[in-house]
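Following: one structure in structure tokens, then a few remarks.
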Amino acid sequence: MSDLGKEYHIAGVTVRKVQEQYLHDVPPSFLYPSAKSEDIKAIGPRLAGIDMDEDRDTLVVSIHTWLVKTPDHVILIDTGSGNDKERPRNPGFHHQTIPFLDRLRRAGVAPEDVDFVINTHLHVDHSGWNTVLQDGKWVPTFKNARYIFPRVEQEYYSSTASHNDVNIPSSGVYEDSVWPVIDAGIADFIDSEGGTFLDRFTFLPTPGHSIGHMSVLLEADNESAIFAGDVMHHPIQVERPDFNTVFCEFLDLAAQSRRRVLELTADKHAMYFSTHFPGSSAGYVTRDGEKFRWSYV
Ligand SMILES: [Zn+2]
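Under full-length UniProt numbering, the first residue of the sequence shown is numbered 1, with each subsequent residue one higher.
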């Protein structure tokens, strides 16, 4: 599969996926520890071929960045897991060497062209390319950009509260992928109530997966789209918004935010740009009675 996704034109901007990597052989019982295997099996027939590995027993998960070009700005939403990071407890992300920046260049964007970098939250697989290793030091990858972080995430992951819990997937991430950007004076923070950003974006608080998780709503010309970070990890959750992942930190809140985003996405007929669905990673949510259904575009 190409490492550059197709280009979407919506609400006066273009959106393109820049692939970092795919994770294969993810057991549903790992990703969704509280889900019963018969519940997953019941959803199976409605999942797309690309949602699962060939054996149809394990899941495919994508990690990527959304490249958004407005008439005025180049914006990156979420930045994957990055290269050269020390992740001994997370071997999948340890000392990576992925040609992600070459792919970004093939999409017509050099690092110095980026105006804004948005992290929906500050987990390991959403903030990695914020920084690169240069002469043994972590420095901002996108030197001319303003980086936009949810304030609550910044406060939490800079505190010992987050670092004392080894189950939280961000230990060390703050130090190598967030702090160097703040230290360089190029970070801005979104307050917990969210709000408008530039001329067509709105930050929507969608806490639960992480403490201050934000989604980004795009609206213009009677069209809308939503970049919803880790509100969902796989199309399985469109059918079962009650399923939290093993990476969700505040379970009740995560499930509430997920349902709210599904309702909003379906009712606005917004294009949904996911950060972990495989394939094109983009699509639409529709209502089917009390349930929601997913289709890729
Ligand atoms: Zn994630």
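Heads up, the beta-carbon is just placed ideally off N, CA and C, and yes, glycines get one too. Remember, predicted model here, so these are calculated numbers, not experimental data.
For Pro140, there is no enclosing alpha helix (DSSP H); the residue is part of the beta strand (DSSP E) that begins and ends at Lys137 to Pro140. Of all alpha-carbon atoms in His24, Asn119 and Asp267, the one lying nearest the alpha-carbon of Ile190 is that of Asn119.
Shown in chain order are the residues whose CB sits closer than 5 Å to a heavy atom of ligand 1: Asp125 and Asp230.
Bridge pairing for Asp288: Lys291 [DSSP]. For the options Leu31, Ser81 and Lys69, the alpha carbon positioned closest to that of Thr58 is the one of Leu31.
Glu219 sits in a strand when the DSSP states are folded into three classes.
Under the three-pair Cβ rule at 8 Å, the segment 269 to 285 does not count as touching the segment 32 to 43. In this structure Ile186 touches Arg146 by the C-beta definition: roughly 6 Å separates them, less than 8 Å.
With contacts defined by Cβ atoms closer than 8 Å, Ser177 and Gly82 form a contacting pair.
Following the DSSP letters along the chain, one finds Ile148 in no alpha helix (DSSP H) but inside the beta strand (DSSP E) bounded by residues Arg146 to Pro150.
If the five residues before and after Ser215 are omitted, its C-beta is found closer than 7 Å to the C-beta atoms of Thr120, Leu204, Thr206, Ile226, Phe227, Ala228, Gly229, Val231 and Val261, all from its own chain and listed in chain order.
Look at the segment 49 to 77 and you find no whole run of alpha helix (DSSP H) that is 4 residues long or longer. Three or more Cβ pairs closer than 8 Å define a contact, and the segment 60 to 71 falls short of that threshold against the segment 249 to 257.
Taken through DSSP and simplified to helix, strand or coil, Lys41 comes out as helix. Secondary structure of Arg46 (DSSP, three-state): helix.
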